[in-house]
Amino acid sequence: MPDLPPGPQVLVVPRAMPMGYGEQPFDRFVSSVQTFDADDAPLPVTRQDGPRWLIGRDETTVFRIEYNVDIKQMEQEIFSAADTSKVRPRYLGLLGYSVFAYLEGFEKHPARLVVEVPDDWPVLTTLAPRAPPSRGKSEGKAANFYALADSQVVAGPDLSVHRLNSTVPLFLALYPDGDVDSPILGRLVEESLQQIMDYFGTTPFPHYTVHQELLRPVSDRHSYGFSMEHLDSATFYLSEDRGLTAASPPQGLARTRYNFAHHFAHAWIPKRSYSKGYYPFSWELAPVLDTIWFSEGFPQYAAIEAIADGLPAEEAKRYREDMLTRRFRSSLEQAPLFIRRMSLVELSRVASTRYSEDFRTGRNVFSRGGLMAADMDELIQRQTGGSKSLRDALRYLVEWSRKEQRPFEIEELPVIFEQATGVDTREVLDRWLKPQDLR
Ligand SMILES: [Zn+2]
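Using the working numbering, read the sequence shown as starting at 12 and increasing by one per residue.
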């Protein structure tokens, strides 16, 4: 604990996940909450409404808290692989926000994490990754609760950790080993991270971990398609039959490369350059967000551009056009009328809590954002004779966010972009914010 003042405290278990665009009842899997003073005498604990426990009493200082989390039950009851921790006979994969709690009012305090597992188990925290991983015990530090909650812990004999080649310490944590061609996967990670770092021109993290699980579905209701980005890591989930091997078709490789690049790009946007709701984060109720089209659409566009940058000119042009059509334009064309008639902010608010659950909302909000990015890029390149592009605008925005340390407002975007490129993109922004079917 930090040096707490005497008196009761409120212990909060998250229900919302940063970038999760939804909620999960993580508090349901927490039991046996116990709290103690400095002399190890138990203090009272009262369950409150929501994911909260009132702990301690007047004039006594809370010194230590204990609780259990039932990971097996969590995985059985949460159907989205990206939202739940996992436990197997020889493997443990923990998502920070599903197991860590905070004391209300102390979210900004730094945290020290000590993980202890069976002596012979490899264990790694993404707060301080290393290869080979340590055994039995691992430690890390987090600047605040967000950084702790956004980290992962992986452990067990079936875990393998590979150090990859990069200008930044880069790690691939794999479960299980053997069912996937780790050199192929590692090379794709190395290449796509480098392409994204080249696009943004910066390396905002001290190290980066790619965590990939190939899982036997717990039931046929469980789904394994979604990936999740974090501050210094990204987690990828596939059902066991979808691993990448030397026999995978080129489309499979291309899809994985794009998926990696897209999620890596989130380390810049919106993890470190964001608008309201992304940070500071509301852990108990998923925030209602106005700008998912930016946070999802623009990094996806950046990923397309970053990959295209590595291709010969003609091929790059084809790749770009093909991706804009397949990923963005087609979703707009196939969208039901009631979704097309939503303004982009309205659609973003709706997608804030059901992005993947009703993926029509997620897909349409990122597609309109991606096409907005493409139109802005074209305008900037046209008006500057090709000397500037959206890449300059996004690099400038990331730097602006680093300096300002605050969320940007939608109205500020064209101002910031004009400062970066000299081009006014407001017309493009306004056009895409409108409903897309005015019939
Ligand atoms: Zn995304």
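Glycine included, each C-beta is placed from N, C-alpha and C at the ideal position.
Test item: CB-CB of residue i and residue j under 9 Å
| i | j | result |
| --- | --- | --- |
| Gly33 | Ser367 | yes |
| Glu406 | Gly212 | The residue asked about is misnamed: residue 406 is Arg in this sequence, not Glu. Cβ atoms of Arg406 and Gly212: closer than 9 Å. |
| Gly308 | Leu358 | no |
| Leu65 | Gln20 | yes |
| Val128 | Leu159 | no |
| Pro62 | Asp81 | no |
| Val164 | Tyr186 | no |
| Ala297 | Ser238 | no |
| Arg68 | Asp51 | no |
| Leu114 | Met28 | no |
| Glu150 | Ala139 | yes |
| Trp443 | Arg371 | no |
| Lys97 | Glu240 | no |
| Thr267 | Ala93 | no |
| His274 | Phe90 | no |
| Thr436 | Ala404 | yes |
| Leu199 | Ala184 | no |
| Phe47 | Pro53 | yes |
| Trp157 | Tyr290 | A small correction: the amino acid at residue 157 is Tyr; Trp does not occupy that position in the sequence shown. Contact: yes. |
Residue closest to residue i, alpha-carbon to alpha-carbon, out of the options
| i | options | result |
| --- | --- | --- |
| Ser412 | Val172, Ser363, Asp130 and Pro281 | Pro281 |
| Ser124 | Gly116, Val134, Glu115 and Asp130 | At residue 124 the sequence reads Leu, which differs from the Ser that was named. Nearest option by C-alpha distance: Val134. |
| Arg337 | Ile350, Asp320, Ile315 and Leu138 | Ile315 |
| Asn481 | Gln84, Gln87, Tyr248 and Phe349 | Past the boundaries of the shown model lies residue 481; the chain is included only from 12 to 450, so the question cannot be answered. |
| Leu181 | Glu201, Leu196 and Ser171 | Glu201 |
| Gly147 | Phe275, His233 and Thr136 | Thr136 |
| Glu295 | Met12, Asp403 and Val24 | Val24 |
| Trp132 | Glu332, Glu415, Glu86 and Pro100 | Pro100 |
| Lys399 | Arg379, Met30 and Gln430 | Gln430 |
| Gly254 | Tyr235, Gly197, Asp192 and Arg283 | Asp192 |
| Asn375 | Phe339, Pro16, His173 and Asp231 | Phe339 |
| Phe419 | Leu348, Phe305, Ile195 and Val172 | Phe305 |
| Ser177 | Thr436, Gln206 and Gly18 | Gln206 |
| Lys414 | Arg283, Pro446 and Thr436 | Arg283 |
| Glu118 | Thr436, Arg331, Gly397 and Ser293 | Ser293 |
| Thr256 | Leu196, Ala317 and Leu54 | Leu196 |
| Ser43 | Arg58, Glu88 and Gly31 | Arg58 |
| Glu70 | Pro446, Ala49, Arg26 and Arg360 | Ala49 |
| Glu88 | Ser230, Leu226, Gly116 and Gln345 | Ser230 |
| Arg365 | Pro217, Gln416 and Gly31 | Gly31 |
| Pro121 | Asn155, Asp130 and Pro144 | Asn155 |
Inter-residue CB distance, residue i and residue j (contact presumed, cutoff 8 Å)
| i | j | result |
| --- | --- | --- |
| Ser244 | His222 | 6 Å |
| Asp388 | Leu401 | 4 Å |
| Ala278 | Pro215 | 6 Å |
| Val426 | Leu390 | At roughly 15 Å, the Cβ-Cβ gap does not stay under 8 Å, so Val426 and Leu390 are not in contact. |
| Ile421 | Asp301 | 7 Å |
| Tyr235 | Ser259 | Going by Cβ atoms, the distance from Tyr235 to Ser259 rounds to 17 Å, so no, they are not a contact pair. |
| Ala112 | Leu22 | 5 Å |
| Pro17 | Thr72 | 5 Å |
| Val179 | Tyr219 | 6 Å |
| Ala265 | Ala317 | Not really, about 14 Å apart at Cβ, beyond 8 Å. |
Identified DSSP bridge partners for residue i
| i | result |
| --- | --- |
| Glu420 | Per DSSP, none; premise fails for Glu420. |
| Phe47 | Pro53 and Arg75 |
| Thr220 | Phe182 and Ser244 |
| Pro62 | Beta-bridge pairing links Pro62 to no other residue. |
| Lys399 | None, per the DSSP bridge assignment. |
| Ser306 | Ser306 pairs with nothing; no bridge assigned. |
| Gln163 | Leu106 |
| Tyr113 | Val23 |
| Lys152 | Arg123 |
| Lys287 | Answer by DSSP bridge pairing: none, since Lys287 is not bridged. |
Residue i Cβ short of 8 Å to ligand 2 heavy atom set
| i | result |
| --- | --- |
| Phe339 | By its list of ligands, the structure shown excludes ligand 2, since it contains just ligand 1. |
Exercise. Does the pairing of the segment 324–337 with the segment 349–369 give three or more beta-carbon distances under 8 Å?
Worked result: Too few Cβ pairs lie closer than 8 Å, so no.
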